Every structure is written in C-alpha cells, then in structure tokens.
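Chains A and B supply the protein sequences, listed in that same order. Using my numbering, you'd call the opening residue of the first sequence number 1 and step up by one each time. Using my numbering, you'd call the opening residue of the second sequence number 1 and step up by one each time. Notes follow the structure.
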Amino acid sequence: MKKLLEINNLVKHFPVVGGVFSRPIGWVRAVDDISFHIFEGETFGLVGESGSGKTTAGKTIIKLIEPTKGQIIFNGIDITKFGENKIRPLRREMQIIFQDPYGSLNPRMPIGEIIKEPLMVHNIGDKKEQEERVVEIMKLVGLRPEYLRRYPHEFSGGQRQRIGIARAVVLNPKFIVADEPVSALDASIQAQVLNLLLELQQKLALTYLLVAHNLAVVRHVSDRIGVMYLGKLVEVAETKELFKNPLHPYTQALLSAIPIPDPEIKKERILLQGDIPSPINPPSGCRFRTRCRYAKDICKESEPPLVDVGSGHYVACHFVKEGKVVEYSK
Amino acid sequence: MAIDITTSEETLTGRIETYWSIVGKRLRKHKLAMLSLVVLILVIAICIVGPFISPYKFSELGSIEEVLQPPSLRHWLGTDELGRDVLTRLFYGGRVSLLVGFSSVFSALIVGIIIGAYAGYYGGVLDTILMRFTDIMFSIPVLPLLIVLASVIPGAGVWKIVLVIAIFGWMTDARIVRGMFLSLRENEYVEAAKAVGVSNSRIIWRHILPNSLAPIIVSATLGVGGNIIYEAALSYLGFGVMPPTPSWGNMLQNAQYAMAIAPWLVWSPGLAMFITVLAFNYLGDGLRDAMDPRLYR
C-alpha cells in the first residue's frame, strides 16, 4: 500500500509567555516527537484523552499550525517548511472537518457561499460551474440544495456538520483530517454523520485522519489506530489487533473503560489514578509512569521508544517483549 | 443508510430570519430610538427639500428694514444682522452640518477600520506600531491642533473641515475594530477559511469584518452627532465652515454678537443642533441594544 502521509519525529511546542516582556517562560509540549504514517485510502484513528495533543497533531499535519520540528511528507512531497503561498495549492488536496459545527461556520455567510468559497479561492470553474458543483455537493452530503441561501444558524448541529463536510470535500481532496467530527453532536446523529463520512470515503477515495476520544466511534470507522498520551504516541496497531491485544498499559486502561451493553459480562476495569500530568512539565522517562500500574525505576530513567512488535503493531513500553506485557518481579 | 436528513433532522422554520431582520425587530421595539430615527429622517428631509421651497436664498441680503427682525409671517424664524432669512439659512446650515457629520465619520471610519483590522488581525510588531501610533494620536490635545490645522491647510471649503475632523476621529474606531478582530480571529471559521486556502485579505474583509459590524455601526451613529458638535466648536472659534456658507456652528457663532437684542438667532441653530445630536445619540443607544451579541448565539 502507498503511504499518503508520513510523519517523522513531529514536534509542536507552544510557548507559555509571561512576565513584563512577554518572554516565553516555558513550553507546552503538545506534540512531542511522534512518527507514523497513513496509507492511501485508509482511516487512521488518533485517540487520547483531553490534552494529549491529538488535535494539535491533526492540525499541524495539514500545516494549520506550524510544526516546531520534524518532517511531514504528503504524497511524496516534504511540506514541513512550506510557507503560506506554497501550501495554498496543496489545500486542494488536504482538508479538515472541525469539531464544533457552530463555531466553524461563518454566521454571516449563506451556506451556499461557505461551500462555494473553496472553489472561488482556487479558481475552479466559472461561476455557473461553481454553483452547479455546490448543488451537487449539497446533495451528496444530504443537504437540500434549496437551502443554499440560508444562514448557518438556521440549521441543526447535524446539518451544520454536513455543511462543514461539504466545504471540506467540495475541492475533491485526497486527505481529510476529521477533528472530533461527531463529539459535539447528539448520539443519534453521530451515527448518521459517521456513516456519511464512510460513504464519502468510498465514493471519493478519501483518506482520513480521524481525531477522537470516543473509542466506539474510532473503532467503528478506523482501519488503524494510534493512541496518544501527553504528546507521545504510545501504541499504533490495526483496529482489530488493538482491541484484541492492547499492549500498552495505557491502551489497556482505555479499552477497559468502554462499557459493554450486557450486564451479564463482568470485566476487570483498570482505573487510572490521578489526572493527566501537565504537558508543560511532563514526567521524565516514560510519560505514563506516574499513572502506570507496572511502573518501575527504569521507566523514570529512560523513555521507551515506539518499536514494532510484529505485523505493524507498535508499542512504546519497556515491558513489552515479543508482543506480550512482561511484568517485572523484583 | 439514507442520508436524507429532511425527515430526521428537520428543524427549520419556514421563515428566514437573518441577523439584520432580528436587529430590525428589536430596534422597532425601542421607542426612543424609533422616535429619534423619525426625527432624523425629518430633519434630513427638511434640510434637503427646504431650500427649494423657501422664497429666499441663504446669502440674499435684506433691505435695511429687514435687519434683525424677530420671527414674523414673512420670516418665520426672523432675520439676522444682514437681513438674511434665518429659516433658509437653517436649512442650508443643516445640509452643511449633516454633510460634515456624515462624511467626517465615514472618512474616519475607513481609516479606523483599516488600521484596526490590520493591527488586530496580524498582531505582533504591526499591532504594536499601529496601536502606539493610535495612542500618540489620542494623547494630542485636539482642539488647539485642530485650530492650527484648520489655519495651515489652505482653502476654506467644507471638505477641509471634514478632513481636519477625520484626522483626529479615527482612533476610537481603530481601537474598537482591533478589539473585535483580536477576538474574532480566534474563531474556528477563520481557521476553517485558512484551511481552505483563503487569503488573509479575504479573511479580513469577507469573514471577520462582517462579523464586527455591530459596534462599528453604533460608534459611527454616535460619531455623527459628536462630529456635528465638533464642527460647531471649530466654527465658533472661527475655524470652521466659512461664511457666507452657513452651518449650524457658524450661525451660532454669528449670533453671539446680537444675542441680547435678537435671541432667535441663537435659538434656531442651537435647538436644531441639540435635537439632531440628541436623536443621533438615542439612535446609537437603541442600535447598541438591538445589536447586543447576546441576542444572537
């Protein structure tokens, strides 16, 4: 399979400014040295709790946020250092769907304008062709074309998210970052929007990076999943493999928290103690050690690299050997 | 599964309510503002139409018997020290005063919007430079400098006064616009526009500016009244609109010499200005309430 996107050692640190002269007094290590790749046509799910850096990673990958360090290779081109003007034509190829269907649509623009704007900006077709394309896309995402003169506030959350999706696919991109596309929606509408995303993927040969914190959502649509914790990628595996055989203690805890809709089944829940530590001053060594039930001295001293434990399953833990969690006994 | 959302998610009402229709509805409920709007429309209409109806010309001198006549059937608001019809001059003066008020606000607004928009949108060094410049302009004692400028800039036309007032009138607008841009640029729809590849200038003018219009409109409405007063102050000091062209300001200034014997010379332009400026202020207040962002998600 062809790699559409390759992320090498991507780092994004945000300065924390303070004092009289607004000098940086610290850095938020939102994304701290992550590497992974996304194959053409697949959906790569990126999960993690709030503050793990998954949204920052998603936005940095399409250069909405300037990376601090590292390398982003999109479709064979290294776009890491591309400035605003060089990246603009590439916006046709990579798009984003935002989390908040209310904030991401300009309240003073009719939705037809919102969907048409990408075509105008990239000079695609004449006015008539653009309008035809808008109607076509509105139908494709399940919006009535008659509504194109209406304003965003006249639509429900689910419909607005469809507008956001229409804006993202109108340019016929190859790659879309879906940043928590359904987390702001009602449960009943989440499934509709997810199915729309899957349908569009088939029709338009899209590749998705799906950022989410809801494991059920990610499991439903992802081919592979990456688990992030405090700016680090701790585990990457195919969806089935990850759910069957989670190797990182953090992934295990996450998966054990998924409710099973069957009261007969009892399962052991791994409760994590405390909160996610501050990304300004993360723990030394393994970031997860402060909340890990297996943590030993070695976790404090050295940071475990993300290693392949076989068949595309990557884990960053000192205690994973040959695909199994080995508990060290003293 | 079907993606026809009309059955599952239909929440639309039949009528289309835009932001402006809601503002209009709220404004109509604001009695004082509506009254002010009616008054302003009347004042503007009278000033435009009046000179055509009036049998006199604003610069037409009367005979010696007609000098400083009190209000009568011939001259409804009396005559001034040169025997000119005060009512006719009031119409013309209103034209000039309103013209000065509107065009100085408009010019100041353009400057203020451009400076505020770029400072707020780009931030950083540009913001610092533009806003320190604004601060400096704010710290200048305006009236003495207005007088100097008014005497330095050649010509005596109305446009000179507009220019002079606009030069010192854009700073508040710039600050308001900058503040709006600072907060609005963090909106996700701005990020979405960037993700689509929209240029910065299009984001500024098409995405952020339409969303920051409410405080700008309020500030402009209040500004028209304020600038009419400014023109009057300049005229009073003798640096405003030059006679024989009347403005409410220079009519007032003119009136002071004969105030004791001809008080109608003071009352007419004074009341006209008072009512007009008050109406602008009330209308501005009403607009501020009607455009309150809390009324609208």
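Built from N, CA and C at the ideal position, the CB exists for glycine as well. Quantities reported herein were computed from a predicted structural model and do not represent experimental measurements.
Item to check | Own chain residues within Cβ distance below 6 Å of His392/A, not counting five before or after | outcome: Lying before the first or after the last residue shown, residue 392/A is absent from chain A, which here runs from 1 to 330.
Next on the checklist: I'd like the list of long-range same chain contacts for Val177/B, defined as Cβ closer than 7 Å, with 5 residues on each side in sequence excluded.
Outcome noted: Against the second sequence, residue 177/B aligns to sequence position 177. Only Gly112, Ile113, Gly116, Ala117, Gly120, Ser212, Ile216 meet the Cβ criterion.
Checklist entry - Should Ala195/B go down as buried or exposed, given a rule of 16 or more other Cβ atoms within 10 Å for buried? => result The count along the second sequence starts at 1 and reaches residue 195/B at position 195. Ala195/B counts as buried, since no fewer than 16 other beta carbons sit within 10 angstroms of its beta carbon.
Next on the checklist: Between Arg28/B and chain A, is the shortest Cβ-Cβ distance under 9 Å, so that the two count as touching?
Outcome noted: One-based indexing of the second sequence puts residue 28/B at position 28. No, no contact with chain A.
Item to check | Inter-residue spacing [alpha-carbon to alpha-carbon] between Val320/A and Cys299/A | outcome: Start at 1 with the first residue of the first sequence, and residue 320/A comes out as number 320. Start at 1 with the first residue of the first sequence, and residue 299/A comes out as number 299. Distance between the alpha carbons of Val320/A and Cys299/A is about 12 Å.
Checklist entry - What did DSSP end up calling Glu188/B once you bin it into helix, strand or coil? => result Start at 1 with the first residue of the second sequence, and residue 188/B comes out as number 188. It is helical.
Next on the checklist: Looking only at its chain, what residues have a beta carbon closer than 6 Å to the beta carbon of Leu12/B, apart from the 5 residues adjacent to it on each side?
Outcome noted: As a working mapping, residue 12/B is identified with position 12 in the second sequence. A caution first: Leu12/B carries a pLDDT of 47, below 50, which makes its placement in the model unreliable, though a value can still be read off. None.
Next on the checklist: Given a cut-off of 9 Å on the beta-carbon distance, is the pair Pro152/A and Met109/A in contact?
Outcome noted: Looking up residue 152/A in the first sequence gives position 152. Looking up residue 109/A in the first sequence gives position 109. Cβ distance < 9 Å, so Pro152/A and Met109/A count as in contact.
Next on the checklist: Under 8 Å, with one C-beta from each stretch per pair, do the region 84-97 of chain B and the region 242-255 of chain B reach the 3-pair mark?
Outcome noted: yes
Checklist entry - Looking at the unbroken beta strand (DSSP E) that takes in His335/A, where does it start and where does it end? => result One cannot answer for residue 335/A here, as it falls past the ends of chain A, which runs 1 to 330.
Next on the checklist: I'd like to know whether the C-beta of Ser54/B is nearer than 9 Å to at least one C-beta of chain A.
Outcome noted: Here residue 54/B refers to the residue found at position 54 when the second sequence is read from its first residue. No, no contact with chain A.
Checklist entry - Are the Cβ atoms of Arg298/B and Val218/B separated by less than 9 Å? => result Beyond the ends of chain B as shown, which are 1 and 297, falls residue 298/B; an answer cannot be given.
Next on the checklist: Give me the residue from Val86/B, Ile64/B, Leu82/B, Glu81/B with the minimum Cα distance to Leu73/B.
Outcome noted: The residue you call residue 73/B lines up with position 73 of the second sequence. Comparing Cα positions, the closest option is Val86/B.
Next on the checklist: With distance defined between alpha-carbon atoms, name the residue in Gly125/A, Cys317/A, Pro261/A nearest to Met228/A.
Outcome noted: As a first step, residue 228/A is located in the first sequence; it is residue number 228 there, counting from the start. Measuring from the Cα of Met228/A, the nearest candidate turns out to be Cys317/A.
Checklist entry - Given 8 Å as the limit, is there contact between the region 120-128 of chain A and the region 194-202 of chain A, that is, 3 or more CB pairs closer than that? => result no
Checklist entry - Going by the CB atoms, is the gap between Ala214/B and Met137/B shorter than 9 Å? => result Here residue 137/B is taken as the residue at index 137 of the second sequence, counted from 1. Here residue 214/B is taken as the residue at index 214 of the second sequence, counted from 1. No. Outside cutoff.
Checklist entry - Name the chain A residues that come within less than 9 Å of Tyr19/B, Cβ to Cβ? => result Start at 1 with the first residue of the second sequence, and residue 19/B comes out as number 19. Below the 9 Å Cβ cutoff, chain A contributes Pro107, Arg108, Tyr151, His153 as neighbours of Tyr19/B, in chain order.
Next on the checklist: Can you confirm whether Val196/B, when its beta carbon is compared against all beta carbons of chain A, has any partner nearer than 9 Å?
Outcome noted: The residue you call residue 196/B lines up with position 196 of the second sequence. Closer than 9 Å to some Cβ of chain A, the Cβ of Val196/B qualifies, so yes.
Checklist entry - For the region 198-212 of chain B, which residues have a beta carbon sitting closer than 7 Å to at least one beta carbon of chain A? => result Val198, His207, Pro210, Asn211
Item to check | Candidates Gly284/B, Ala272/B, Tyr282/B, Asn281/B: closest to Ile44/B by CA position | outcome: To locate residue 44/B, count along the second sequence from 1; it is residue 44. When only C-alpha atoms are compared, the closest one is Ala272/B.
Item to check | Expected contact under 8 Å - CB spacing of Ile115/A and Leu209/A to nearest Å | outcome: The sequence position of residue 115/A within the first sequence is 115, counting from 1. The sequence position of residue 209/A within the first sequence is 209, counting from 1. Contact flag wrong, Cβ pair sits at about 22 Å.
Checklist entry - Under a three-way DSSP split, which group does Ile140/B fall into? => result Taking the second sequence and counting its residues from 1, the one referred to as residue 140/B is at position 140. DSSP, reduced to helix, strand and coil, places Ile140/B outside both helices and strands of the structure shown, so it counts as coil.
Next on the checklist: Taking 9 Å as the threshold (beta carbon to beta carbon), is Leu171/A in contact with chain B?
Outcome noted: As a first step, residue 171/A is located in the first sequence; it is residue number 171 there, counting from the start. Leu171/A counts as touching chain B.
Next on the checklist: Considering only the alpha carbon of each residue, which of Ile96/A, Val315/A, Gly158/A lies closest to Ala193/B?
Outcome noted: In the second sequence, residue 193/B corresponds to position 193, counting from 1. That would be Ile96/A, whose Cα lies nearest to the Cα of Ala193/B.
Checklist entry - I think Gly225/B touches Val277/B, with their Cβ atoms under 8 Å apart; what is that distance to the nearest whole Å? => result Counting from 1 along the second sequence, the entry for residue 225/B is found at position 225. Counting from 1 along the second sequence, the entry for residue 277/B is found at position 277. 4 Å between Cβ atoms; contact.
Item to check | Short CB-CB distance (under 9 Å) between Phe14/A and chain B | outcome: Start at 1 with the first residue of the first sequence, and residue 14/A comes out as number 14. Proximity of Phe14/A to chain B, defined by a Cβ-Cβ separation below 9 Å, is not satisfied.
Checklist entry - In this structure, what does DSSP give as the bridge partners for Tyr208/A? => result For the purposes of this step, residue 208/A is identified with residue 208 of the first sequence, where counting begins at 1. Beta-bridge pairing links Tyr208/A to Thr43/A, Ile176/A.
Next on the checklist: If contact is defined by three or more beta carbon pairs under 8 Å, each pair taking one atom from either stretch, is the region 202-216 of chain A in contact with the region 177-191 of chain A?
Outcome noted: With a cut-off of 8 Å, the region 202-216 of chain A and the region 177-191 of chain A count as touching, because enough Cβ pairs lie within range.
Checklist entry - Does any residue of chain A bring its CB to less than 9 Å from the CB of Tyr189/B? => result Translated into positions along the second sequence, residue 189/B becomes position 189. Answer yes: the Cβ-Cβ gap between Tyr189/B and chain A drops below 9 Å somewhere.
Item to check | the region 221-239 of chain B contacting the region 98-112 of chain B, beta-carbon criterion three pairs below 8 Å | outcome: yes
Checklist entry - Just to confirm, are Gly53/A and Pro279/A a CB contact at a threshold of 9 Å? => result Here residue 53/A is taken as the residue at index 53 of the first sequence, counted from 1. Here residue 279/A is taken as the residue at index 279 of the first sequence, counted from 1. Yes, the Cβ-Cβ distance between Gly53/A and Pro279/A is below 9 Å.
Next on the checklist: So, does the region 280-292 of chain A touch the region 301-314 of chain A, judging by three or more C-beta pairs under 8 Å?
Outcome noted: yes
Next on the checklist: Strictly below 8 Å CB to CB, what residues from chain B border Ile62/A?
Outcome noted: As a working mapping, residue 62/A is identified with position 62 in the first sequence. Going along chain B in sequence order, the residues near Ile62/A (Cβ under 8 Å) are Ala195.
Item to check | Proximity of Glu81/B and Tyr257/B at Cβ, strictly below 9 Å | outcome: Locating residue 81/B in the second sequence gives position 81, counting from the first residue. Locating residue 257/B in the second sequence gives position 257, counting from the first residue. Yes, these two residues count as a Cβ contact at 9 Å.
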